[in-house]
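What follows is a single structure, written as structure tokens, with notes after it.
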Amino acid sequence: MNQDYSQHHKQGYISQSVESFIESLSREIHSIYLLAEQGESFRMDNLWKLSGKLIHHMRTDPRIIGTALFSDNDKYSVVSHSFNTAILAAYMGLYVLRDVLQLNLLVMTACIHDIGMVQIPDDILFKQTLLSNHEIKVIRRHPVIGNRLIYEAGAFANLPIKKMLGEIILQEHERDGGTGYPFQITAEQIHLLSTLLGICDTYETLTHARPWRQKMHPTVALREISRLSREYFPADYVNTFIQTLTYFPIGTIVKLNDGRIGEVIAVNSNDPQHPKIHIVDDDPQTTDIIDLHLNPNYNINQIIISE
């Protein structure tokens, strides 16, 4: 698998310590995927610890989610996709899950949910046009491959957690109406964490480019997620996901009433119409941040959608 495993994300508004953590998590995901690709065994104990640290960082500074939504490189990488999905899973999980073990498991699984992709040929993964029916079938083998890799190659001190990890990966592409894969099971049979992971995975996929299509604007992607809730995902969890990212989804570029341009970096859960804005104007490295909830003299006049 010919991928850029070293890709990570930098945002001017996060601290140096958080940026250092992001690089550590990205390297760990990269290392596990690379070992799996080479057919070697890999340990997951450190990833478990890093998943807990990610949850801690998300609690203390939710701006970290901005690293998942807009990266500088639109080139598809299974590692960057997994990293982004883990960030989204940590963000959503804090709103949905009360059990610390479940939350940590969700984030850890997100980090390596696509590990089965290491055995999918590059000419399919990076094909520039739509996949054939045969190629789609090949792609859809990856949850089974991933489950097997976790059992056979993945070493983890906590065996019950390891078993659940494999099961969540196996079911992550199953959908409520029985239209998913690999087993077409229905809502009552799908693990809750597989459902939450599926929502985050779908949103990340829609908002980042793939070899055969461009990325969607976050607002458009949220509308698509809402539409999919009719038969793919439980509406209550989809609504929770959407509410945490709207009215102005994280990553949305906006123009304030004083003419300044900024990027939405966090949503106030009790006042979603007034998010936190990272002022960028012509310099994306500026650290000016305005919390519109605390500054009623400022408001959003316009959403700027790049062509």
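Whatever position you read off the sequence shown (first residue = 1), add 293 for the working numbering. For glycine and all other residues, C-beta sits at the position ideal for the given N, C-alpha and C. Bear in mind that the values here come from a model prediction, so they are computed numbers and not experimental data.
Sorting 399, 330 and 394 by C-alpha distance to the C-alpha of residue 372 places 330 at the top.
Assignment of residue 494 by DSSP, reduced to helix, strand and coil, places it in the helix class. A contact between stretches requires three or more CB pairs, one per stretch, nearer than 8 Å, and the segment 417-428 fails this requirement with the segment 374-381. Residue 322 places its beta carbon less than 7 Å from that of residue 404. Rounded to the nearest whole angstrom, the C-alpha separation of residue 561 and residue 465 is 29 Å.
Comparing C-alpha distances from residue 324 to each of 411, 381 and 481 shows the shortest one belongs to 411.
Around the Cβ of residue 468, a 10 Å sphere holds 16 or more other Cβ atoms; the residue is buried.
For the pair residue 360 and residue 315, the CB atoms are nearer than the 7 Å cut-off. Straight through space, the alpha carbons of residue 512 and residue 535 are spaced by roughly 10 Å. Taken through DSSP and simplified to helix, strand or coil, residue 571 comes out as strand. Under the DSSP assignment, residue 348 falls in the alpha helix (DSSP H) whose first and last residues are 338-353. Residue 456 and residue 584 have their C-alpha atoms some 43 Å from each other.
For residue 325, the enclosing alpha helix (DSSP H) stretches over residues 309-330.
Residue 545 and residue 525 have their C-alpha atoms some 26 Å from each other.
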